[in-house]
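Residue numbers (this note's numbering), protein chains in the order written: chain A, 601 to 1128; chain B, 601 to 1128.
Everything below concerns the one structure shown next.
2 protein chains.
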Amino acid sequence: MVHESSSAEMHPSRWGDPAQAAPLADSARGLVEMVFGLDERPALTEVVVPPSRLEPAILAALEELLGREHVLTDDGTRRLRTRGKSTPDLLRQRAGDLADAPDVVVRPSSHDEVAAVLTYAVAHHLAVVPFGGGTSVTGGLVARREGYEGVVSLDLVRMKRLLAVDRVSMTATLEPGLRGPEAEALLAAEGMTLGHFPQSFEHATIGGFAATRSSGQSSAGYGRFDALVVGLRAATPRGELVLGSAPASAAGPDLRQLLLGSEGAFGVITAVTVRVRPVPVEKVYEGWRWPTFDAGRDAMRTLAQAGLLPTVLRLSDEAETSLNLARPDAIGDASDGGCLMITGYEGEPDAVAAKRTAVTAVLTGLGGVPQGEEPGRSWAHGRFHAPYLRDSLLDVGVLVETLETATFWSNAPRLYADVKSALETALGSPTLVLCHVSHVYETGCSLYFTIAAKQSDDPVAQWLAAKAAASDAIVAAGATITHHHAVGTDHRPWLAAEIGDLGVGVLRAVKAELDPTGILNPGILVAP
Amino acid sequence: MVHESSSAEMHPSRWGDPAQAAPLADSARGLVEMVFGLDERPALTEVVVPPSRLEPAILAALEELLGREHVLTDDGTRRLRTRGKSTPDLLRQRAGDLADAPDVVVRPSSHDEVAAVLTYAVAHHLAVVPFGGGTSVTGGLVARREGYEGVVSLDLVRMKRLLAVDRVSMTATLEPGLRGPEAEALLAAEGMTLGHFPQSFEHATIGGFAATRSSGQSSAGYGRFDALVVGLRAATPRGELVLGSAPASAAGPDLRQLLLGSEGAFGVITAVTVRVRPVPVEKVYEGWRWPTFDAGRDAMRTLAQAGLLPTVLRLSDEAETSLNLARPDAIGDASDGGCLMITGYEGEPDAVAAKRTAVTAVLTGLGGVPQGEEPGRSWAHGRFHAPYLRDSLLDVGVLVETLETATFWSNAPRLYADVKSALETALGSPTLVLCHVSHVYETGCSLYFTIAAKQSDDPVAQWLAAKAAASDAIVAAGATITHHHAVGTDHRPWLAAEIGDLGVGVLRAVKAELDPTGILNPGILVAP
């Protein structure tokens, strides 16, 4: 039994590629010691994975369906499919808690094999957890075990083909197991890009982007992932769904939008047709400084409402500007105050120049101070890096975690103040709360918070209490509990506050129609 | 019992405002006589409306809920709420067939009154048909009667308020009964526009736009109606749904997209929050000529994929270019061949100038020949006029009807050829089939067909056969059965071909959750 892609797999209790680990620089270590104190908390290296509890007959049947080499029960494979990459997930792994390990990892290679696994799982009442990059930060992989004969991690690692390219319509059909860089490489060979670069880009997959309504750092220019999707195929226990007969339709409700964000609870997405763009010839990122977070956010709104969005548009608040967690070497740098905005332009040189000129005129007119390309380069260099730093901070007893929300522009000041206050109150002093805006629309924007606090004796409980306080503040402000990370299990207690009990009932009714015995990701999105 | 808005109501068997009727000009009449022959077919003026079959106790209870003056059973009011405005609808009215007349028309004034009517209707098993502008062309108002104690037309004519304006977020919350011009007038007083101008604009309503996924003639610049909606409130038999906590969210599937296009079958939309824009300072429309439909469509695609869309972008095929049905005075004009494109620009003068310059450069480079502003002015003048001409042609025995679809760019040539051929074959000679593209996306476009043929002895059956042939061709080509007119009853037989039996099952499951006794628009969207 071999791992086809073990080199690309993450460490079970840390983020990403070990070669990219980010030990704290001395200056940062000094600052951390000053603020929080150093409290070395190494992860346990010897951990026990609970034994697989599947009947041998079930394993044999799965092997019959997929081939022996694609039905894995070894501890290492199962440990790597245990939960996702939220800070509580990492803390539990570091403490040796693997209670949520799946009983088996299966690797189908096609839609038909996925469908066959689902049919078998229905017949034998096995919980099925679709697994792409394993980067969920909302408990999207922690399926309920009680009442099931076993938990099957359905790893999509063998479904990595570019199924079709339509150069006229500028669409491409991708299999769900493709990680971000793999999808981009296949598309680049066709002169195309998807333009979807979330922080999890290096590890997360096409299927996961669709199932969780991901949004990337270039969303201002390329759009959220759900806006890129024009077609979907999914395997469900009741058969297949094939959706997307036109870019837009009035043939009833848009069922694509019902599968997007369905988190594996309605079906397993087996192909995604996305809008693509030509590979950009030019990329320029630059910095702007604003006197206040409000001033910078108002400038973003002006751009969005004028239809003048760059490809990347991002604004850090005062705290995040002074403590750039994406750049460990910069922690503790003297800040010249204010708030840093990153603007990025990608495309044909003429189009880049025209957009840059127009945006520059607007930002200058509103009082933005250009900072040149260095801050832009620095941001682009470190854009996928923050999760590595989190591991280094967890090692020294600092709790680091993020959460995000979105609202309409007029509500953004209240939402920002309320969530920040809720986090500071819940975590106590010393706590750093940083925030940035990285996704904008004509009518509103996202707010992405990062916290750093001294770990208590029970850092999981410490964070869950803070997360609950922040979530309460979010729904009290009428904002969304998540802009781009899905519901999972972590956000489920607040979902009814957002869409109503009746809205939850609709989701439950759809699940009952597509997955009548409830084998798909039980407990994710809706309660079983 | 008075009609609050009788002056704005349409004639039951004709389109629109009688003052805007469009008798055939002599030149057009001559051409029609030459091609089809003249065959005067006046509408019956004396028709019998089936008596209301509601029990007096039910009427009394409804009067108790809403007030006596808002529960109407007179023949005129019920006749005006009978079916919609498709050509078969008009032909049936003209022939005196009012079998689908509702038993009563009720006019609630608020969400709570709508909810109260639904509660009563559930208790007494009355079918409820939400009624806005009455402009459905897909049988969206022809609810099933069998098995119900009566049919209630729920007229939203009293729900015409602008409930909220958010100048920072640039959103407005509108009640569903506002007709297009009424909504624009309320918004104009705030310096805002919705920018939604479908051909039915003068009569159709905000609630109807949302329930049917309408798309307007300025969709290239302002977006389809479903793209304008950021929030919705609906009354259902199971309670209210309030959706839209942010411009975009990952808190599960987007349930707004489940209510959009739900055609009154899931709930009654009682408020819609839409993205708005500043009233444009400048509007310019102009014409371009292309040697072929393919060349013009390729130019549209180039613009869409370059992110360079004007506010209006429309292209007529050779046949429609030579026979502009929106301009009866122009029928029979000598044509200088090719295909006419209309480009329109709306906004701030600087933005209009910049976009116009960029689009002009692209179109000129692709071989388009500018025609100046006269064709643009002519189009803008006649843009809501075609349905009036239909009445005049029906009067002289010419069958006129439209249908539309959408697909991805690479499939557009096949779809165009197949639908045109299906219509020509089904209707026989002499038949004119005209087509235009009026909605474009990066990945595809709509195709809107207009036919004119000599009426047979049974013109309803004649059209239904042609419509069936065209619909078969559409689904065989993998396109959508409707881009912006909803499913109603007319498209229902083809819905499963588009979204699968399982997709239809999902819609049925959602309906069962929200409307367990099936009182809402029975037979519309999904079979009862």
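Every residue, glycine too, gets a C-beta built ideally from N, C-alpha and C.
The criterion of a C-beta distance shorter than 8 Å is satisfied by A:D1115 and A:P837. Fully contained in the region 863-894 of chain B are the following beta strand (DSSP E) runs of length 3 or more, in chain order: 868-875, 882-890. Using a CB distance cut-off of 8 Å, B:I1124 does not count as an interface residue toward chain A.
In the DSSP annotation of this structure, the continuous segment of the alpha helix (DSSP H) that includes A:F809 starts and ends at 806-812.
A:R877 and A:T892 have their C-alpha atoms roughly 35 Å apart. Judged by their CB atoms, A:R875 and B:T1043 are nearer to each other than the 8 Å cut-off. Annotation for A:R1092: the continuous alpha helix (DSSP H) segment containing it runs 1092-1114.
With contact defined as three or more Cβ pairs closer than 8 Å, the region 1025-1036 of chain A and the region 968-984 of chain A are not in contact.
Taken in chain order, the members of the region 1100-1111 of chain A whose beta-carbon sits within less than 7 Å of a beta-carbon on chain B are G1100, L1102, G1103, G1105, V1106, L1107, A1109, V1110. Remark: C-beta atoms of A:A622 and A:L989 approach each other more closely than 8 Å.
Membership of B:K1067 in the alpha helix (DSSP H) is indicated by the continuous run 1059-1076.
With contacts defined as CB atoms closer than 8 Å, A:V705 and A:S818 fail to qualify as a contacting pair. When DSSP states are grouped into helix, strand and coil, B:F801 belongs to the coil group. Among the bridge pairs identified by DSSP, A:G780 is matched with none. By the Cβ criterion, the region 841-850 of chain B is not in contact with the region 743-752 of chain B, since fewer than three pairs of Cβ atoms, one from each stretch, lie closer than 8 Å. Only residues of its own chain outside the window of five on either side were considered, and among them E886, G887, W888, R889, L940 have a CB closer than 8 Å to the CB of A:Q971, listed in chain order. Looking at the backbone, the Cα of B:P1093 and that of A:A1061 are separated by about 55 Å. Counting only the Cα atoms, A:E1004 lies some 15 Å from A:P1013. DSSP, reduced to helix, strand and coil, places B:P970 within a strand of the structure shown. The beta carbon of B:I942 sits closer than 7 Å to the beta carbons of Y885, G887, V912, R914, P975, G976, W979 from its chain, once the five residues preceding and following it are set aside; these are given in chain order. Closest by C-alpha distance to B:A899, out of B:T964, B:E663, B:L741, B:D1057, is B:T964. Rounded to whole angstroms, A:G733 and B:R779 show a C-alpha spacing of 49 Å. Cβ-Cβ distances below 8 Å link A:V962 to A899, T902, L903, A906, L908 in the same chain, with the five nearest sequence neighbours on each side left out; the list follows chain order.
About 45 Å separates the beta carbon of A:R641 from that of A:G967, a gap too long to meet the 8 Å contact definition. Any Cβ of chain B closer than 8 Å to the Cβ of A:A850 would place that residue at the interface, and such an atom is present. Using a Cβ-Cβ distance cut-off of 8 Å, the region 679-686 of chain A and the region 735-744 of chain A are in contact, since at least three pairs of beta carbons, one from each stretch, lie closer than that value.
For the pair A:E863 and A:E784, the Cα-to-Cα distance works out to about 23 Å. Annotation for B:L940: the continuous beta strand (DSSP E) segment containing it runs 939-947. Between B:I1099 and B:V1019, the CB-CB gap reaches or exceeds 8 Å. At least one CB of chain B lies nearer than 8 Å to the CB of A:T1080.
For B:G947, the CB contacts under 6 Å within the same chain, skipping 5 residues up- and downstream, are P880 in chain order.
Secondary structure at A:S916: strand, using DSSP grouped into helix, strand and coil. Beta-bridge analysis with DSSP links B:A1052 to B:V1000, B:L1032. Going by DSSP, A:D712 is part of the alpha helix (DSSP H) stretching over 711-724. Under the three-state reduction of DSSP, B:P987 is assigned to helix. Using beta-carbon distances, B:Y1041 counts as an interface residue toward chain A, with a partner under 8 Å.
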